[in-house]
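Participant: Every position in the sequence shown, counted from 1, becomes a number in the working numbering once 438 is added.
Even for Gly, the Cβ is constructed at its ideal location relative to N, Cα and C.
Quick caveat: nothing in here was measured; it's all calculated off a predicted structure.
Could you have a look at this structure, given as C-alpha cells, before my questions?
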Amino acid sequence: VVTQAYKFASNEYRLFPLRLQLNACEAINGNVVGLKDLTRCGNFTGCPFLKNQLVRVCNWFPDQAHFPPFIPNGSYMLEVQGLFKASELFLLHGYVTVHRPIV
Numbered sequence: 439v440v441t442q443a444y445k446f447a448s449n450e451y452r453l454f455p456l457r458l459q460l461n462a463c464e465a466i467n468g469n470v471v472g473l474k475d476l477t478r479c480g481n482f483t484g485c486p487f488l489k490n491q492l493v494r495v496c497n498w499f500p501d502q503a504h505f506p507p508f509i510p511n512g513s514y515m516l517e518v519q520g521l522f523k524a525s526e527l528f529l530l531h532g533y534v535t536v537h538r539p540i541v
C-alpha cells in the first residue's frame with residue numbers, strides 16, 4: 439500500500455511531503471493509525487487475506503494517537519494505492535481536515 443498526501447492550498451490539492459509505503463499485513467499487525475481495530479466489527483479477520491471473499495469492515499475510524507505528530511492544520515487529500523507485485527488493485531481517495539483548538 440502506497441499512501442501520498444496532498445494539502446489544499448490556493449484552491450487546489452498540492453503535493454505534501456508525506457508519503458508512506460507499507461506492507462498491508464505489517465501495517466495491520468503493527469497497528470499503524472489504528473488499523474488493528476479493523477478486525478473488531480465485520481468479517482475481516484486480518485492477514486492473510488482470503489481469496490474471492492467480500493470483506494466487510496464497520497465502525498472503524500483512524501486512531502489519532504498513532505498518527506505522525508506535528509502535521510500542520512489544513513485540509514488534505516490522501517491517495518491510497520493498493521498494489522500486488524506490479525498490478526494496481528485499488529486506488530482510494532480520502533479527504534481529511536486537521537485542526538487543533540486555539541488555546
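For Leu458, list the residues DSSP reports as bridge partners.
Facilitator: Thr441
Participant: Do Arg494 and Asn511 have their CB atoms nearer than 8 Å?
Facilitator: no
Participant: Please classify Val541: is it buried, with 16 or more other beta-carbons within 10 angstroms of its beta-carbon, or exposed?
Facilitator: exposed
Participant: Note down, in chain order, each residue of its chain lying with its Cβ closer than 6 Å to the Cβ of Val534, except the 5 sequence neighbours on either side.
Facilitator: Answer for Val534: Tyr514, listed in chain order.
Participant: Can you have a look at Val470 and say buried or exposed, based on whether 16 or more other CB atoms are within 10 angstroms of its CB?
Facilitator: buried
Participant: Within 10 angstroms of the Cβ of Leu530, are there 16 or more other Cβ atoms? Answer buried if so, exposed if not.
Facilitator: exposed
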